[in-house]
């Protein structure tokens with residue numbers, strides 16, 4: 001599996017790490033949040049790239065995907081929702097994840113939780 005970030009998204013990630021190193025995780029069920037958010041459905045509803053303190057990756061992000069910006073951590077059980085060759089790119093004002101020939105998510109966020117109290121919503125881990 002591999003992720004390729006386009007130059008626009010790489011620049012956004014670079015700005016986040018200019019003054020402070022970070023690790024990045026791909027969170028898609030709101031496991032990491034500033035507040036506990038419950039969902040009433042099972043499914044992948046919100047893809048986000050989350051900056052976390054370098055070396056402080058929560059244990060449940062137990063796998064990584066190589067990328068042209070370094071490893072991106074994710075849940076190993078979630079491999080079935082991902083594609084072997086993914087591209088994360090700007091499309092107008094939005095950031096999207098593309099798989100091999102199909103759109104995985106049309107609007108993802110990049111969030112920085114390094115200086116925030118982060119809630120781990122354990123109910124989202126299953």
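In our numbering, the protein residues as written are 1 to 126. Positions of the beta carbon are idealized from the N, C-alpha and C atoms, including for glycine.
Taking the CB atoms as reference points, tell me whether residue 67 and residue 2 lie closer together than 8 Å.
Yes, these two residues count as a Cβ contact at 8 Å.
Closest by CA to residue 105, which one among 92, 55 and 48?
Selected option, being the one with the closest Cα: 48.
Thinking just about the alpha-carbon of each residue, which of 21, 92 and 6 is nearest to the one in residue 112?
If we check each option's Cα against that of residue 112, 21 comes out closest.
What are the boundary residues of the beta strand (DSSP E) that includes residue 26?
Annotation: the continuous beta strand (DSSP E) that includes residue 26 extends over 22-27.
On the DSSP bridge assignment, give the partners of residue 51 in chain order.
Per DSSP, 24 and 112.
Specify whether the region 84-95 and the region 4-18 touch according to this definition: at least 3 beta carbon pairs, one from each stretch, less than 8 Å apart.
Touching, yes.
Start-to-end residues for the alpha helix (DSSP H) that takes in residue 56:
For residue 56, there is no enclosing alpha helix (DSSP H), as DSSP marks it with neither H nor E.
Inter-residue CB distance, residue 96 and residue 103 (contact presumed, cutoff 8 Å):
The pair is a contact, with the Cβ atoms about 6 Å apart (cut-off 8 Å).
Between the CA atoms of residue 71 and residue 25 - distance to the nearest angstrom
CA-CA distance, residue 25 to residue 71, rounds to 9 Å.
Comparing alpha-carbon positions, which option in 17, 10 and 9 lies nearest residue 114?
Answer by Cα proximity: 17.
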